[in-house]
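Numbering (the numbering used here), first residue to last: 376 to 533.
Idealized CB from N, CA, C, for every residue including glycine.
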C-alpha cells in the first residue's frame, strides 16, 4: 500500500503565522511518513515544502503552469499541468486528506472540492463557511496548532 498523501493548501500571499504553521505542518507530516502534496508555489506552498523536505520528506508540487522558474524549492517532484486553477482539482483528487493553512479564494476552492469529494479536511486558520441562514457549516475539523492539525488528519484517516 502506498504512503498516505496529504495535500496542504494555502495562499501564496500569506501571513507570517501561516508561513510558520505551514512549515511545521510539513515537518510533522514528513516525520509521520506522509507524502506531502502542494501547489508548488510561494507562500504556504513554499513553507510546507521547506518543512517537509528539510525533514527528508517527499513533496510533490502540482503547478498551474509550465514554468520551472515558478516552482518553489524543496519539491521532490513537480507536475506541470498548464491548467491554471483547474489544477486545484488535480491536487485534491490526488490526496487522501487536506490540511488548509490560512485562506484565499484559491484555497477556498480546494476546501470546497475536498468537501465535495468527502475526504478529511482540517483547517488551521482561514475560512469559516456559513449557510444561507448565516449559521456555520461544518466544512472541516478546526485545529489550533500545526500539531493538532496533523494529529487530526492522521486520526481521521485511520
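Subject >> residue 452 versus residue 435: straight-line alpha-carbon distance, rounded >> reply: The alpha-carbon atoms of residue 452 and residue 435 are separated by roughly 5 angstroms.
Subject >> Closer than 7 angstroms: residue 462 CB and nearest the ligand GDP heavy atom >> reply: Absence of the ligand GDP is noted for the structure shown, with no ligands found whatsoever.
Original post:
Per DSSP, what kind of secondary structure is residue 462 in: helix, strand or coil?
Top reply: Note: residue 462 maps to helix in three-state DSSP.
Subject >> Best match in 390, 446, 420, 426 for proximity to residue 403 [C-alpha to C-alpha] >> reply: When each option's Cα is compared against that of residue 403, the closest is 426.
Original post:
Under a Cβ-count criterion, where at least 16 other Cβ atoms within 10 Å of its own Cβ denotes burial, should residue 495 be classed as buried or exposed?
Top reply: Under this definition residue 495 is a buried residue.
**OP:** Kindly indicate which three-state DSSP category residue 511 falls into: helix, strand or coil?
**Re:** Residue 511: strand per DSSP, three-state reduction.
**OP:** Using alpha carbons as the reference points, say which of 424, 460, 473, 514 lies closest to residue 526.
**Re:** For residue 526, the closest C-alpha among the options 424, 460, 473, 514 is that of 473.
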